[in-house]
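Below: one structure, written as structure tokens.
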Amino acid sequence: MDPVIVVGAGPVGLALALSLAAQGVPSVVLDEGPGKEEPRGVRTVVLRPDIAAFVAGLGCAAVRDEGARWVAWRSMRRGQLLRRVEFGEGPGGGGPSPVHVPQHALTRGLRAAVSASGLVRIVPHSRLDGLEQDAEGVSAHTSGPGGTWWRGSFAVGCDGARSTVRKLLDVRFAGRTAVERQAVVALRTELPWPGEALSHRLPPWRAGGDEVTARPLRDGVWRLDWLLPPRAELVTPDALVGRIRDTLAGWCGEAGPYELLDTGVHTVHHRLARRWRVRRAFLAGDAAHLLGALGTQALDEGLRDAQNLAWKLARAWHHGVSEGLLDSYQAERRSAVAARLRAADQSLPVLRGGAGLRGWIPGAARGHDALVTDGHLGRGPLGAPPAYPDSPLAPEPAESHIAVGTQWGGPAADVLVMAPDGATVPLRDRLGRGRLLVVLVAPGTGVWDRRHWLTAGVMPALDAAVGALPLDAELLVAEAYPGAPAHAVLLVRPDGHLVAAFNGVQPDELFAAADAVRGGAGRGVGGAAAGGAGGAGGTGGVGAGSGEAGSGEAGSSAVGVEEAERTADVK
Numbered sequence: 000m001d002p003v004i005v006v007g008a009g010p011v012g013l014a015l016a017l018s019l020a021a022q023g024v025p026s027v028v029l030d031e032g033p034g035k036e037e038p039r040g041v042r043t044v045v046l047r048p049d050i051a052a053f054v055a056g057l058g059c060a061a062v063r064d065e066g067a068r069w070v071a072w073r074s075m076r077r078g079q080l081l082r083r084v085e086f087g088e089g090p091g092g093g094g095p096s097p098v099h100v101p102q103h104a105l106t107r108g109l110r111a112a113v114s115a116s117g118l119v120r121i122v123p124h125s126r127l128d129g130l131e132q133d134a135e136g137v138s139a140h141t142s143g144p145g146g147t148w149w150r151g152s153f154a155v156g157c158d159g160a161r162s163t164v165r166k167l168l169d170v171r172f173a174g175r176t177a178v179e180r181q182a183v184v185a186l187r188t189e190l191p192w193p194g195e196a197l198s199h200r201l202p203p204w205r206a207g208g209d210e211v212t213a214r215p216l217r218d219g220v221w222r223l224d225w226l227l228p229p230r231a232e233l234v235t236p237d238a239l240v241g242r243i244r245d246t247l248a249g250w251c252g253e254a255g256p257y258e259l260l261d262t263g264v265h266t267v268h269h270r271l272a273r274r275w276r277v278r279r280a281f282l283a284g285d286a287a288h289l290l291g292a293l294g295t296q297a298l299d300e301g302l303r304d305a306q307n308l309a310w311k312l313a314r315a316w317h318h319g320v321s322e323g324l325l326d327s328y329q330a331e332r333r334s335a336v337a338a339r340l341r342a343a344d345q346s347l348p349v350l351r352g353g354a355g356l357r358g359w360i361p362g363a364a365r366g367h368d369a370l371v372t373d374g375h376l377g378r379g380p381l382g383a384p385p386a387y388p389d390s391p392l393a394p395e396p397a398e399s400h401i402a403v404g405t406q407w408g409g410p411a412a413d414v415l416v417m418a419p420d421g422a423t424v425p426l427r428d429r430l431g432r433g434r435l436l437v438v439l440v441a442p443g444t445g446v447w448d449r450r451h452w453l454t455a456g457v458m459p460a461l462d463a464a465v466g467a468l469p470l471d472a473e474l475l476v477a478e479a480y481p482g483a484p485a486h487a488v489l490l491v492r493p494d495g496h497l498v499a500a501f502n503g504v505q506p507d508e509l510f511a512a513a514d515a516v517r518g519g520a521g522r523g524v525g526g527a528a529a530g531g532a533g534g535a536g537g538t539g540g541v542g543a544g545s546g547e548a549g550s551g552e553a554g555s556s557a558v559g560v561e562e563a564e565r566t567a568d569v570k
């Protein structure tokens, strides 16, 4: 079968190709550039813990070797500390730290992993200028000396905000321009809070502006972002140096020595592609969505696209197309990003609309701080990892289903599990291989040799039920899982999202849930198939079953798209 064509060799495209390779699917990555990314100190990436684990699992050593894990998060307003969150487990802990890494280091690490994969071919200086589809696959034409046609089973546009794939598919990209603007610097210096990230709203010094954020990298390097007022003039070098000196003096008592490494101005746009799938072509990353206000992380969301889409394409590549399964990519991811944009759109007037009367309301400052903190720390509507409870792949409710500490459709907790080889590893280490995970919660099994407990208690029946599932699955055992009773059985998707939890071994219900995951008889699967049929025709919008009702115009309206679709569509 033909490889998957990935257009764009940024982090999202490379991660998608690597994730496909981990599941035995070859790909061709069409890279418009020369095959490397120039280092820019102000271009950095904040990855949530689960996505950092996903990228590290692809073989990208940069997350470990060049990423900085923060000690704490500090929120200030005027000259006062509002909140300090220490990262770590335990009561009151902030959980695992995000990972802050230079984007060029992340890209370089992904390219190194690609070189070792054997199933990914990167073709530099390949600018896409044509895309055709038929019932069996896609053909992509690249310009350059001689011009070349590439044949693939599927195509995925990971080619950024000005996506050629999106334009060739005639997909509208509605939303708002310049939602926020920030002056950005990377510098090496010492701040009073080593290893702590900081958001300071309404700092009391002259050039502080409304908000300044400091986020540490490795080797004493910091990224500082100053929120610029709307319709601000160009940021001159002298004005930027003034901001640096005033900010360092405000934090340190005096403007100590610093080494300026890079500068820039970052403009945040909020846009959402109307369709993410057109027959055998898909959009991911900045080609599908733009966001970034209030601490939301655009690249983190793009990597979630890759994680979500890879196992579905791998399933289609190995076993044939399931319209419901492929349509679920748009239904899940578009609705999640739309919700993120909606939350930012609702919060921006509160946070950026001026103090006014709100500044005198008791508790208002802490409430505003909570909104900002959510986005930066991966919490709440602005930052929490997405859940897909209403996915077309969700199984029908059954009497044996039970509630646990993870919402159905949410990312499963990264508990320690015993793997088939007897090793005890984090659950996330078993993801990304295209297999379902079936986890038995069995307190006390950690003290037993696997050879003994495989033949004891409920294990023989559960092992037989797992072997009969319609998708490849791996049986794991955990000592405990949040909110789960002993002998509970959890079904987890290949991308780590919880499908369902069962009260004991229930072979029929387990089979039905696994069948729903592959696009079988899950909730809304009929609508998903209808959406796929509409998409196959290449005309009009996607139907409600493929997520347009839940994620489309509701999400579009939330980011100002009802008006923007008439006035500001981008193709």
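Position 232 of the sequence shown, counted from 1, bears residue number 231 in numbering that gives the first Met the number 0, the numbering being contiguous throughout. A virtual CB, placed ideally from N, CA and C, is assigned to each residue, including glycine.
Whole-angstrom distance between residue j and residue i, CA atom to CA atom
i      : j      : result
Ala515 : Gln406 : 17 Å
Gly58  : Gln345 : 38 Å
Gln102 : Pro442 : 42 Å
Leu436 : Gln22  : 15 Å
Val320 : Arg351 : 46 Å
Pro2   : Gly194 : 43 Å
Leu223 : Ala254 : 15 Å
Arg217 : Pro97  : 14 Å
Pro419 : Val488 : 16 Å
Gln329 : Pro191 : 45 Å
Ser162 : Trp204 : 41 Å
Lys311 : Leu19  : 10 Å
Ala71  : Leu80  : 13 Å
Lys492 : Gly519 : It should be noted that the sequence gives Arg, not Lys, for residue 492. Cα-Cα distance, rounded: 14 Å.
Gln132 : Asp507 : 39 Å
Leu29  : Thr147 : 11 Å
Ala343 : Ala292 : 7 Å
Gly151 : Ile4   : 6 Å
Pro229 : Asp128 : 36 Å
Trp221 : Arg270 : 29 Å
Gly294 : Gly301 : 15 Å
Gly533 : Leu168 : Only weak support exists for where Gly533 lies, its pLDDT of 35 falling under 50; the coordinates are left without a value.
Same chain only: Cβ atoms within 6 Å of residue i, ignoring 5 sequence neighbours per side
i      : result
Ser198 : Ser74, Thr212 and Val371
Asp373 : Gly379, Leu381 and Gly382
Val54  : Val62
Pro348 : none
Val45  : Pro97, His99 and Gln296
Extent of the continuous beta strand (DSSP E) run through residue i
i      : result
Val220 : Val220 to Leu227
Arg82  : Gln79 to Glu85
Gly156 : Ala154 to Gly156
Trp149 : Thr147 to Gly151
Trp72  : Ala71 to Arg76
Residues near residue i in its chain [Cβ-Cβ closer than 7 Å; skip 5 each side]
i      : result
Arg76  : Arg200, Leu201, Ala364 and Asp368
Pro33  : Pro123 and His124
Leu490 : Leu435, Val437, Val498, Ala499, Leu509, Ala512 and Ala513
Leu376 : Trp72, Val84, Gly93 and Gly382
Bridge-paired residues (DSSP) for residue i
i      : result
Gln132 : Val137
Gly263 : Val183
Glu210 : Arg200
His269 : Arg175
Ser26  : Val3 and Val119
Glu473 : Leu436
Thr423 : Met417
Phe501 : His400 and Val488
Gly255 : Paired residues: none, contrary to the question.
Residue range of the unbroken alpha helix (DSSP H) whose run includes residue i
i      : result
Trp250 : Pro236 to Cys251
Met458 : Met458 to Gly466
Val416 : Premise fails: Val416 lies in the beta strand (DSSP E), Leu415 to Met417, not in any alpha helix (DSSP H).
His318 : Ala297 to His318
Val44  : Per DSSP, Val44 belongs to no alpha helix (DSSP H); it is in the beta strand (DSSP E), Thr43 to Leu46.
Val98  : Premise fails: Val98 lies in the beta strand (DSSP E), Val98 to Pro101, not in any alpha helix (DSSP H).
Cβ neighbours of residue i in the same chain (closer than 8 Å, five flanking residues each side left out)
i      : result
Gly94  : Pro48, Phe86, Gly87 and Glu88
Pro388 : Gln406, Trp407, Gly408 and Gly409
His496 : Ala386, Tyr387, Gly408, Gly409, Pro410 and Ala411
How about the stretch 236 to 249 and the stretch 109 to 123: do they share at least three Cβ pairs that are nearer than 8 Å?
-> no
Is it true that the stretch 170 to 183 meets the stretch 29 to 37, where meeting means three or more beta-carbon pairs spaced less than 8 Å apart?
-> no
Is it true that the stretch 459 to 466 meets the stretch 419 to 428, where meeting means three or more beta-carbon pairs spaced less than 8 Å apart?
-> no
Counting Cβ pairs, one atom from each stretch, are 3 or more of them under 8 Å apart for the stretch 379 to 395 and the stretch 407 to 416?
-> yes
Can you find at least 3 beta carbon pairs, one from the stretch 151 to 159 and one from the stretch 276 to 284, that sit closer than 8 Å?
-> yes
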